[in-house]
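*Asks:*
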Amino acid sequence: MDTFAKLGWFFKAHKKRYLLGITALILTSAANLVPPRILGMMADQLDQGKISWGQFACYIGAILVAALALYLFRFYWRKEIYGGAAELEKEMRGRLFWHFLQMDRTFFQRYRTGDLMARATNDVQAVQFVAGDGVLTLVDAIFTGGATLIAMMCFVDWRLTLVAMIPLPFLAVLARYLGTRLHDAYLDSQAAFSRLNNKTQESLSGIKVLKTFGQSQQDAAAFNKMTYETVDVNRKVFRIDSLYDPLITIIIGITYMITIVYGGTMVTNKTISLGQLISFVAYIGTMVWPMFAIGYLFNILERGSASYDRIMGLLHEKSLIADAGEGLDTKSMPKIHGDLRCHVVAFAYPDEPDQDVLSDIDFDLKPGQTLGLVGRVGSGKTTIIQLLMREFDNYRGRIVFGGRDIRQIPLDVYLNEISYVPQNNFLFSTSVRDNIAFAKPEASLEEVEEAAKKSALHDDILLFEKGYDTMVGENGISLSGGQKQRMSIARALLRDSEILILDDALSAVDAKTEKAVLANLRAERADKTTVIAAHRLSSVMDADEILVMAQGKIAERGTHEELLKLNGWYARMWRRQELAAKVGESDE
Ligand SMILES: Nc1ncnc2c1ncn2[C@@H]1O[C@H](COP(=O)(O)OP(=O)(O)OP(=O)(O)O)[C@@H](O)[C@H]1O
1 MDTFAKLGWF
11 FKAHKKRYLL
21 GITALILTSA
31 ANLVPPRILG
41 MMADQLDQGK
51 ISWGQFACYI
61 GAILVAALAL
71 YLFRFYWRKE
81 IYGGAAELEK
91 EMRGRLFWHF
101 LQMDRTFFQR
111 YRTGDLMARA
121 TNDVQAVQFV
131 AGDGVLTLVD
141 AIFTGGATLI
151 AMMCFVDWRL
161 TLVAMIPLPF
171 LAVLARYLGT
181 RLHDAYLDSQ
191 AAFSRLNNKT
201 QESLSGIKVL
211 KTFGQSQQDA
221 AAFNKMTYET
231 VDVNRKVFRI
241 DSLYDPLITI
251 IIGITYMITI
261 VYGGTMVTNK
271 TISLGQLISF
281 VAYIGTMVWP
291 MFAIGYLFNI
301 LERGSASYDR
311 IMGLLHEKSL
321 IADAGEGLDT
331 KSMPKIHGDL
341 RCHVVAFAYP
351 DEPDQDVLSD
361 IDFDLKPGQT
371 LGLVGRVGSG
381 KTTIIQLLMR
391 EFDNYRGRIV
401 FGGRDIRQIP
411 LDVYLNEISY
421 VPQNNFLFST
431 SVRDNIAFAK
441 PEASLEEVEE
451 AAKKSALHDD
461 ILLFEKGYDT
471 MVGENGISLS
481 GGQKQRMSIA
491 RALLRDSEIL
501 ILDDALSAVD
511 AKTEKAVLAN
521 LRAERADKTT
531 VIAAHRLSSV
541 MDADEILVMA
551 QGKIAERGTH
561 EELLKLNGWY
571 ARMWRRQELA
581 AKVGESDE
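UniProt numbering applies: residue 1 is where the sequence shown begins, and numbers increase by one.
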C-alpha cells in the first residue's frame with residue numbers, strides 16, 4: 001500500500017477528480033447488489049406461487065433501473081479515474097523530460113539513452129496503472145467486496161457468510177507473499193528491458209558502422225543473447241504472475257463448495273429459504289471480481305512501486321550545474337552584451353578529478369571579435385568550448401560575460417545568448433525550412449532564405465525537389481556532411497546570438513565555400529563574439545586572436561601573421577596545409 005503513499009502528492013493535487021470517481025465506483029458497487037437481491041425475492045415468491053404480473057413487472061423494472069444506474073456510474077468512474085491516470089502519466093513524463101533537459105553531461109554518461117527511454121515509457125506506464133487500475137481494484141476489493149459481504153449477512157445469513165468466507169484470509173496471505181516476490185522479479189525485468197532498449201538503440205544508431213566493419217552477425221548474436229536474457233527474467237515475472245489467477249479460482253471454487261454443502265443443509269433445515277440461497281450464490285458471483293481485484297491490486301502496486309523508485313532515482317539526480325536562475329522569472333530578464341573574458345586556472349573532468357585537462361587559459365574578447373582555437377587532437381579545444389557553454393562548472397578561475405561570472409547568470413539567460421554549431425550536426429525529421437528555423441520558429445521564409453544564403457546553402461536547397469519544404473532527417477532526403485554543417489550554421493545565423501561557437505563546423509566544406517561562409521559571418525557578426533575551433537587553419541586565419549593549444553595549455557598565441565612569424569607549430573601546420581591544398585587543386 002506504500003505505493004499509494006508514494007503517489008500521495010498526486011492524489012492530493014487531484015483530490016476532487018478522485019473523490020468523484022471513487023464515489024461513482026462505490027455507487028456502481030451498490031447498484032451491483034440490487035439484481036441478486038431481487039432475483040432471490042422473485043424466486044421465493046415464485047416458489048410460494050404468490051407473485052402477480054404487476055409485482056413481476058415491478059421487479060423487472062427495478063432490475064432495469066439498476067442496470068441503467070450501473071451504466072451511468074461506470075461511465076463516470078472510468079472517465080474520472082482513468083482520466084486521472086492519464087494525467088499522472090503526462091505529469092511524470094513531463095517531469096522526466098524537463099529533468100533530462102536540466103541535467104549535465106556526466107548524467108548522460110552515467111545513464112544510457114535506452115535506459116532513460118525505458119524509464120520514460122515502460123516505468124511511467126506501470127506507475128500510471130497505480131492511479132488507474134490500482135485505485136479501481138482497491139475500491140472494488142474494499143467496497144464491492146465489503147458491501148457484498150454485508151448484503152450476504154443481512155439478506156441471507158451471517159453464519160453461512162462466515163463459513164463461506166473461511167478461505168479468504170488464505171488469499172490475502174498468499175497474495176502478499178507473491179507480491180513481494182513479484183516486486184523483486186519485476187525490478188530485474190525492468191532493468192533487463194532497459195539494457196535491451198539500450199542495445200537496440202545503439203545497434204540502430206550504429207547500423208552503418210556495424211555493416212561496414214562486417215559486424216552484423218556478431219551484433220545479431222549479442223542482440224539475441226540479450227533478448228534471451230530478457231525473456232528469462234520476464235519468464236520469472238510471468239511465472240509468479242500466473243500463480244495469482246489459479247489461486248483465486250481455487251479459493252472461489254472452495255467458497256462455492258462450502259456454500260452448496262452448508263447452504264443446502266440450511267435450506268433443508270429451513271434456516272434459510274431457497275430464494276435466499278439463490279441470492280447467496282449470485283452474491284458469490286459478485287464477490288469473484290473483488291477477489292481477483294485483490295490479486296491484481298498487489299500485482300499493480302508492486303510493479304508500480306518498483307517503477308516509481310526507478311523514475312525517482314533519476315529525478316533525484318542533481319545536475320552538477322547550479323542554475324542561478326532557479327525559481328526566477330528568467331523570461332523578463334534583460335539580454336547580456338559585452339566582453340567575454342576567460343581566466344581558467346585549472347579544469348579536470350569530474351570522472352578524473354586528479355587529471356587537469358586545462359590549465360592557465362586566458363583570453364579577452366570584445367563584442368565583434370573572433371577567437372580561433374587550434375591544436376592537435378585532444379589538446380583541449382572542445383573542453384574550452386564546453387566550459388564556455390557551461391557544461392561544467394567545476395573549474396578554478398572565472399569566465400565572465402558582460403561583466404558577470406557566467407556561473408551567476410541564470411542558465412536560460414546565458415544559453416539564450418549562445419549558438420553552438422558542432423562538427424556532427426543533428427537534423428530533426430522535418431522540413432529544411434523548419435530545421436533552419438529551429439531556434440526561431442517565428443522566422444519568415446525570407447529570413448530563413450537569407451540565413452541559408454549567408455551559409456552558402458541556398459543554391460543547394462533550390463536543387464532539392466521541394467526546395468525549403470523538402471523533408472530531411474530520418475524520414476527525408478540524406479544531406480551531405482557539408483550540407484548538414486551549413487544548415488547548422490544557417491540555424492545559428494538566424495538566431496543571431498551574442499556568442500557563436502563553431503566547433504570544427506566547416507570541416508566538411510571545400511575551401512572556397514569555407515571562405516565565403518567566413519566572410520559572411522564576419523560581416524554579419526560585426527558586433528558579436530565568435531569562437532571558432534578548427535583543424536583547418538584557414539578557418540581561423542582572420543580571427544583577432546588565435547590560441548594554439550597543446551596538452552591543455554596555450555602553447556602559442558597571436559594573430560595569423562604573428563603566429564607565422566613565430567615559426568612554431570602553427571607556422572609548420574600552415575605550410576603543410578597550404579601545400580596539401582595546392583596539391584589538391586592541381587589534382588582537380
Ligand atoms: N568526458 C571526459 N572525461 C574525461 N576526459 C575527457 C573527457 N572528454 C575529453 N577528455 C580528455 O580531455 C582532453 C582534451 O579533449 P578535447 O576533446 O578538449 O580535445 P580537442 O582538442 O577538442 O580534440 P579534437 O580536436 O579531437 O576535438 C583529451 O585528453 C581527452 O581525452
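No residue lacks a Cβ here, since even glycine has one placed at the ideal position from N, Cα and C.
1) Please report the distance separating the alpha-carbon of A456 from that of R486.
2) At a threshold of 8 Å, does E352 count as lining ligand 1 (C-beta to nearest heavy atom)?
3) So, for T87: in the same chain, excluding its five sequence neighbours on each side, which residues have a beta-carbon less than 7 Å away from its beta-carbon?
4) Within 8 Å: the Cβ of G372 and any heavy atom of ligand 1?
5) Under DSSP, the alpha helix (DSSP H) around V432 begins and ends at which residues?
6) On the DSSP letters alone, give me the boundaries of the alpha helix (DSSP H) that G54 sits inside.
7) Indicate whether D44 and Q276 have their beta-carbon atoms separated by less than 9 Å.
8) Is the Cβ-Cβ distance between T200 and F170 less than 9 Å?
9) Taking C-beta to C-beta, are I546 and T529 nearer than 9 Å?
10) Flag this pair as touching only if the stretch 141 to 150 and the stretch 19 to 32 have three or more C-beta atom pairs under 8 Å; answer yes or no.
11) Hey, could you find the ends of the alpha helix (DSSP H) Y18 is sitting in?
12) For S305, which of L187, V357 and A172 has the nearest alpha-carbon?
13) Exposed or buried, V517, counting other C-beta atoms within 10 Å across all chains shown (16 or more means buried)?
14) Taking only runs that begin and end inside the stretch 192 to 253, name each unbroken alpha helix (DSSP H) of 4 or more residues, in chain order.
15) Taking C-alpha atoms, which residue in L387, R398, S52 and G264 lies nearest to Y420?
16) Kindly indicate the opening and closing residues of the beta strand (DSSP E) around T370.
17) Just to confirm the assignment: which complete alpha helix (DSSP H) runs, minimum length 4, are found wholly within the stretch 68 to 147?
18) Using beta-carbon positions only, say whether I361 and I554 come within less than 9 Å of one another.
19) Ligand 1 heavy atoms versus the CB of H535: any closer than 8 Å?
20) How about I418 and L500: do their beta carbons lie closer than 9 Å?
21) Out of D123, I207 and R575, which one is the CA nearest neighbour of L314?
22) Hey, does R390 have any beta-carbon neighbour from chain D nearer than 9 Å?
23) From I250, L96, N299 and I300, pick the residue whose C-alpha is nearest to that of E317; which is it?
24) If you scan the stretch 493 to 532 from start to end, which runs of the alpha helix (DSSP H) of 4 or more residues do you find wholly inside it?
25) Quick check: S507 and A534, are their CB atoms within less than 9 Å of each other?
26) Using three-state DSSP, classify S359 as helix, strand or coil.
27) Helix, strand or coil: which one does DSSP assign to H458?
28) Go through the stretch 254 to 282 residue by residue and report every complete run of the alpha helix (DSSP H) that reaches 4 residues or more, in order.
29) So, helix, strand or coil for M487, using DSSP?
30) Going by the CB atoms, is the gap between L494 and A443 shorter than 9 Å?
31) Counting C-beta neighbours from all protein chains within 10 Å, is the total for S205 16 or more, i.e. buried, or is it exposed?
32) By how many angstroms is the C-alpha of Y283 removed from the C-alpha of M152?
33) When you compare each of F193, A164, A437 and A66 to G264 by their alpha carbons, which one comes out closest?
34) In angstroms, rounded to a whole number, what distance separates the CA positions of E556 and D503?
35) Check whether the Cβ atoms of V344 and Y308 sit closer than 9 Å, and answer yes or no.
36) Give the secondary structure of V540 by DSSP, where H, G and I count as helix, E and B as strand, and everything else as coil.
*Replies:* Working from what's here:
1) Taking the straight line from one Cα to the other gives about 7 Å.
2) It does: the Cβ of E352 is within 8 Å (strictly closer) of some heavy atom of ligand 1.
3) Checking the displayed sequence, the identity of residue 87 turns out to be Glu instead of Thr. Answer for E87: H14, listed in chain order.
4) G372 Cβ: outside cutoff for every heavy atom of ligand 1.
5) It spans V432 to I436 - the alpha helix (DSSP H) in which V432 sits, taken as one unbroken run.
6) DSSP places G54 inside the alpha helix (DSSP H), whose first and last residues are W53 to W77.
7) Against a cut-off of 9 Å, the Cβ pair of Q276 and D44 comes out as a contact.
8) For T200 and F170, no; Cβs fall outside 9 Å.
9) No. Outside cutoff.
10) Yes: at least three Cβ pairs fall under 8 Å.
11) Boundaries of the alpha helix (DSSP H) around Y18: K15 to D47.
12) Per the C-alpha coordinates, the member of L187, V357 and A172 positioned closest to S305 is L187.
13) When all chains shown are included, V517 counts as buried.
14) Qualifying alpha helix (DSSP H) stretches, in chain order: 207 to 212.
15) Checked all of L387, R398, S52 and G264; the closest Cα to Y420 is L387.
16) Counting along the chain, the beta strand (DSSP E) containing T370 begins and ends at T370 to G375.
17) Listed in chain order, the complete alpha helix (DSSP H) runs (minimum 4 residues) inside the stretch 68 to 147 are 83 to 102, 105 to 110, 113 to 118, 124 to 129 and 135 to 139.
18) Going by C-beta atoms, I361 is nearer than 9 Å to I554.
19) Indeed, a heavy atom of ligand 1 lies less than 8 Å from the Cβ.
20) In contact: I418 and L500 (Cβ atoms closer than 9 Å).
21) Comparing Cα positions, the closest option is D123.
22) Annotation note: the requested chain D is absent from the structure, which comprises a single protein chain.
23) Cα-wise, what sits closest to E317 is L96.
24) Within the stretch 493 to 532, the complete alpha helix (DSSP H) runs of at least 4 residues fall at 511 to 524.
25) A Cβ-Cβ contact shorter than 9 Å links S507 with A534.
26) Strand, per DSSP.
27) Looking at H458 - three-state DSSP - the assignment turns out to be helix.
28) 264 to 268, all fully within the stretch 254 to 282.
29) M487 carries a helical assignment under DSSP once its states are collapsed to helix, strand and coil.
30) Yes, the pair counts as a contact, with Cβ atoms nearer than the cut-off.
31) By the beta-carbon neighbour count (other beta carbons within 10 angstroms, threshold 16), S205 is exposed.
32) The alpha-carbon separation between M152 and Y283 amounts to approximately 7 Å.
33) With distances taken between Cα atoms, G264 lies closest to A164.
34) One C-alpha to the other measures close to 19 Å.
35) Result no, Cβ atoms of V344 and Y308 do not sit closer than 9 Å.
36) In this structure, V540 counts as coil in the three-state DSSP scheme.
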